[in-house]
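Note sheet for the following structure.
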Ligand SMILES: C[S@@+](CC[C@H](N)C(=O)[O-])C[C@H]1O[C@@H](n2cnc3c(N)ncnc32)[C@H](O)[C@@H]1O
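Residue numbers (the numbering used here): 40 to 559.
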C-alpha cells in the first residue's frame, strides 16, 4: 500500500514541457556532435512524471517510441491512467513507484527525463536519480534533469521563507493553500505603495522592485503549482557547478543545456569576451548564471566517455529539419543587405540584417509549425529571392547562428505536423481530450501549452477526428449558420457553400498554426 503524499492530496498542475522532448534533446545532442538515439524509435523514462501529461503528446507524434512514467503519487498516476485509456495510447506505461525502490530490472533507456523533481526531493532521492541515470542510460543516451539554481533562487528563497512562516499556523493543505495568494496579494499591494513613495536611491528600492516584478507572475499561477513550488518540505537550490560536480561522481558528463541560448551567450565588452574565451564550458556557464541571476537549469547529461564536440559541425546542418516560431510584424519587409527586419517570438525580439537570414526566417515562419528540411528551405528561399545566387555555405552558417540563439530549432527528424488542408483533417487526440475535459490550456503536437479562448474553435475542433471529411465539416458549419451560430462577414453576403468552404479553410489554417493538426 503506497503512502499518501502531498501530491495525492493536492495533485500538481502538470503540463507538457517542450524542453524535455526527445526530438529537441536529440537535436541539441546532434549539434554537439553526439550521435543521439532517434526520437521516433527509442525508450524514454520519466521519473516523477506526475500524471504523465508530459509524455502524452510525445507518444502521439512518435508511436514507435516506448514511454514509461514513474511517480510516487497514486492519485496522479490514476488520473494519468484514466486519461491514457481514453486516448488509447499503447506506447505509454505509467507506474506508481518510489524512485528509491526502482530495481535494476527496469532496463535501459535512450532518454531519462526528470523535470521539476530534483530540487524538491531529499538528498537520498537525488542520489538515486543520478545513480539510475548512470546505470540505465544506453551508451549514447541522455538524461535531462532540471533543478533550481543559485544565485537566482537566493531571492526566491526569501519568498519561500516568507510563505512558510506565514502559513505555519495552518495545519491542512487546503488551509495553507488558501493563504498563499491572499498573502502574496497583500505583499504586492504593499510594495506597489512603497515604490510610489520612495526614490530609486533609497535603501530597499531594489528589493521592492524585485518583489513587484515576481509577484504578479505568481498570482497568475494555479494554487497547486504555488503550494508545491514554495511549501514542500524539500526545496534545495544549488549552484550549477555543484550539480555538475555531483553528476561527475556518478560517471555522468555534462553535454549541454536544453535551452541552447545559455550555452552560447555573447558578451558585449571586449574584456568579458577575452575572459570567457579562456574558460571551460562549466565555468563559462557558471559565470553566466552569476551575471544573469539564473534560477533554473535544464541540464543534459550523458555517460562518461561519450565524445562531445563543442565546435558545432556545420556540414551536419544540411541533414536537419528547421522550424521557427518567431514572426515579423514589419509591414514593408526589405531583403536589402544591411537593412534590419525585426522578428519576435515569445522569448525574444531579434533584428536580422542579412538578405539570406531574413529570407530564411520569413520562409520558416510562414511554414511554422511545420518542420522544413534544408533542400526545401533552399527552394522556398529561391522562390522569394529569384534573382539571388544562393550560397549554401552562407545559409548553413546563418542557420547555425540562429540555432545557437534559439531563434530557430534544428531537429534531426521532421515532426508529423501539418498546415496543409487534408481531406480528413485530424487534430491531436490529446487536444480533443483536453477540450472534452473543458481544460483551458491545450497541448500542441510541438509540446507547447496554449490557451484557447475562441468559442468557434473550441466547438469546432472536436469534429477534426480524422473521420469527418471536408464535406462533412462544411455541412456542420452550414447547420451552425442556419442556427445563427455563425454570422456572414458582412450583412450583404449570403452564407453560400463557397463562403463556408472559405471559412473552413481559415479555421483549419488557424488550428494548423497552433500546431494541433496531424500530418497523415
Ligand atoms: C513538482 S512535481 C513535477 C511533476 C512533473 N514532472 C511536471 O514537471 O509537471 C514533482 C513530482 O515528483 C514526484 N515525486 C516526488 N518524490 C518522488 C519519489 N521519491 N518517487 C517518485 N516520484 C516522486 C511527485 O509525486 C510529483 O509528481
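Using N, Cα and C, we set each Cβ at its ideal position, and we do this for glycine too.
Check this for me: beta carbons of residue 532 and residue 513, under 9 Å apart or not?
no
Measure the alpha-carbon distance for residue 114 versus residue 165 and round it to whole angstroms.
Whole-angstrom Cα-Cα distance: 23 Å.
Note the first and the last residue of the continuous alpha helix (DSSP H) segment covering residue 420.
413 to 423
For the alpha helix (DSSP H) containing residue 226, list its first residue and its last residue.
212 to 234
Going by the DSSP bridge assignment, what does residue 290 pair with across the sheet?
Bridge partners of residue 290: none, in fact.
Could you give the residue range of the alpha helix (DSSP H) that holds residue 266?
262 to 269
Would you mind listing the beta strand (DSSP E) stretches within the segment 333 to 415 that are 3+ residues and don't spill past its ends, in chain order?
335 to 342, 360 to 362, 380 to 383, 388 to 391
Taking 9 Å as the cut-off, decide whether the C-beta atoms of residue 467 and residue 555 are in contact.
yes
Would you report the Cα separation of residue 131 and residue 226, rounded to the nearest angstrom?
43 Å
State the DSSP-derived secondary structure class of residue 495, mapped to helix, strand or coil.
In the structure shown, residue 495 sits in a helix (DSSP, three-state: H, G or I).
Which runs of the alpha helix (DSSP H) at least 4 residues long sit entirely within the segment 501 to 547? Give them in chain order.
509 to 521
Using CA coordinates, which residue listed in 188, 338, 302 is at the minimum distance from residue 275?
188
From the DSSP output, in three-state form, read off residue 185 for me.
Strand.
On the CB-based measure, 16 or more other CB atoms within 10 Å of its CB, does residue 95 come out buried or exposed?
Its Cβ being crowded by 16 or more others within 10 Å, residue 95 is buried.
Using three-state DSSP, classify residue 179 as helix, strand or coil.
The DSSP-derived three-state label of residue 179 is strand.
Please go through the segment 54 to 134 and give each complete beta strand (DSSP E) segment of 3 or more residues, from N-terminal end onward.
82 to 86, 105 to 110
Starting from residue 320, trace the beta strand (DSSP E) both ways and give me its first and last residue.
That residue, residue 320, is in no beta strand (DSSP E); its alpha helix (DSSP H) goes 320 to 331.
Below 8 Å, is the gap between the Cβ of residue 119 and the nearest heavy atom of ligand 1?
The nearest non-hydrogen atom of ligand 1 is 8 Å or more from the C-beta of residue 119.
Would you call the segment 335 to 348 in contact with the segment 73 to 83, where contact means no fewer than 3 C-beta pairs closer than 8 Å?
Yes, they touch.
DSSP three-state label for residue 295, please.
Three-state result, residue 295: strand.
Would you give the residue range spanned by the beta strand (DSSP E) that residue 150 belongs to?
148 to 153
Alpha carbons only, please: which of 430, 421, 249 is nearest the one belonging to residue 194?
249
So, is residue 43 buried or exposed, given that buried needs 16 or more other C-beta atoms within 10 angstroms?
exposed
For residue 233, which residues of its own chain have a beta-carbon under 7 Å away from its beta-carbon, when the five flanking residues on both sides are left out?
247
Taking the alpha helix (DSSP H) that residue 490 belongs to, which residues open and close that run?
Premise fails: residue 490 lies in the beta strand (DSSP E), 488 to 490, not in any alpha helix (DSSP H).
When you compare only the Cα positions, how much space is there between residue 277 and residue 146?
30 Å
Compare the Cα-Cα distances from residue 48 to each of 271, 377, 324 and report the closest residue.
271
Report the rounded CA-to-CA distance for residue 321 versus residue 280, giving the unit in angstroms.
Looking at the two C-alpha atoms, the distance is approximately 7 Å.
Is residue 307 helix, strand or coil by DSSP?
coil
Please report the residue range of the beta strand (DSSP E) in which residue 441 lies.
First-last for residue 441: 431 to 444, but that is the alpha helix (DSSP H), not the beta strand (DSSP E).
With DSSP as the reference, label residue 556 as helix, strand or coil.
Secondary structure at residue 556: strand, using DSSP grouped into helix, strand and coil.
Cα-Cα, which of 108, 291, 112 is closest to residue 46?
Residue 46 has its Cα closest to that of 112, out of 108, 291, 112.
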